[in-house]
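Undergrad: Quick one: structure below, then a few questions.
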Amino acid sequence: EHVEEQGNEASRPALLWVLRDFMLELQDPHGRSLTPDEYLEQALQAAPLAGYDQERSQGAVEARQSLLKFFSHRSCTTLVQPAVEEVDLQELASLPYSSLRGEFRAGVE
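Numbering (my numbering), first residue to last: 47 to 155.
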């Protein structure tokens, strides 16, 4: 509320949404490719699905509206799994950074 009352865009924080272990292709309902930022904006604008718990759906709508209202600058990035082998994933904290997948390291850097 305080940030909104000031009306000062510069005082608002930016939102960086990181989708970890991401494996999906980003597409809109018509099959058009989306950038990660477009995917985030589409997700924040999405209406609740019919047939789900009304209270939970309303909570999701309110959370999305809050994110849209509070964060004027939003961006999204995707990260693939840092390792392919299950044993490596289980011991991820002890693996050297250089042994992680190149695609993961590129996404982090």
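Every residue, glycine too, gets a C-beta built ideally from N, C-alpha and C.
Closer than 8 Å by C-beta to F117: which residues in its own chain qualify, once you throw out the five before and the five after it? Chain order, please.
TA: For this step, residue 117 is matched to residue 71 along the sequence shown. If we look at F117 and ignore the five residues flanking it on each side, its Cβ neighbours are R58, P59, A60, L61.
Undergrad: If you check the beta carbons only, do L72 and L80 fall under 8 Å apart?
TA: The residue given as residue 72 occupies position 26 in the sequence shown. The residue given as residue 80 occupies position 34 in the sequence shown. Against a cut-off of 8 Å, the Cβ pair of L80 and L72 comes out as a contact.
Undergrad: Under 8 Å Cβ to Cβ from T123, same chain only, skipping five residues before and after it: list those, please.
TA: Residue mapping note: residue 123 aligns to position 77 of the sequence shown, counting from 1. Hits under 8 Å: L62, W63, V64, L65, P82, G153.
Undergrad: Give me the Cα-Cα distance between V107 and H119, rounded to the nearest whole angstrom.
TA: The residue you call residue 107 lines up with position 61 of the sequence shown. The residue you call residue 119 lines up with position 73 of the sequence shown. Going by the C-alpha atoms only, they are around 19 Å apart.
Undergrad: DSSP three-state label for V64, please.
TA: Reading the sequence shown from its first residue, position 18 is the one you call residue 64. Residue state, collapsed to three classes: strand.
Undergrad: Let's test the definition: count the other Cβ atoms within 10 Å of the Cβ of L86 and tell me whether it reaches 16, buried, or not, exposed.
TA: As a first step, residue 86 must be located in the sequence shown, where it is residue number 40. Counting the other CB atoms within 10 Å of its CB gives L86 a total of 16 or more, which places it among the buried residues.
Undergrad: What's the C-alpha gap between V126 and L141?
TA: One-based indexing of the sequence shown puts residue 126 at position 80. One-based indexing of the sequence shown puts residue 141 at position 95. Straight-line Cα distance between these residues: approximately 16 Å.
Undergrad: Would you tell me roughly how many angstroms separate the C-alpha atoms of A93 and G148, rounded to the nearest one?
TA: Working through the sequence shown from its first residue, we reach residue 93 at position 47. Working through the sequence shown from its first residue, we reach residue 148 at position 102. Cα to Cα, A93 sits roughly 36 Å from G148.
Undergrad: Residues in its own chain within less than 7 Å of D74 by CB, not counting five upstream and five downstream?
TA: On the sequence shown, residue 74 is found 28 positions in, with the first residue counted as 1. So the list reads L80, Q88, once near-sequence residues are dropped.
Undergrad: Could you tell me which residues DSSP pairs with T123 in its beta bridges?
TA: Within the sequence shown, the letter at position 77 stands for residue 123. Its beta-bridge partners are V64.
Undergrad: Can you tell me whether S158 is helix, strand or coil according to DSSP?
TA: Any question about residue 158 goes unanswered here, given that the chain covers just 47 to 155.
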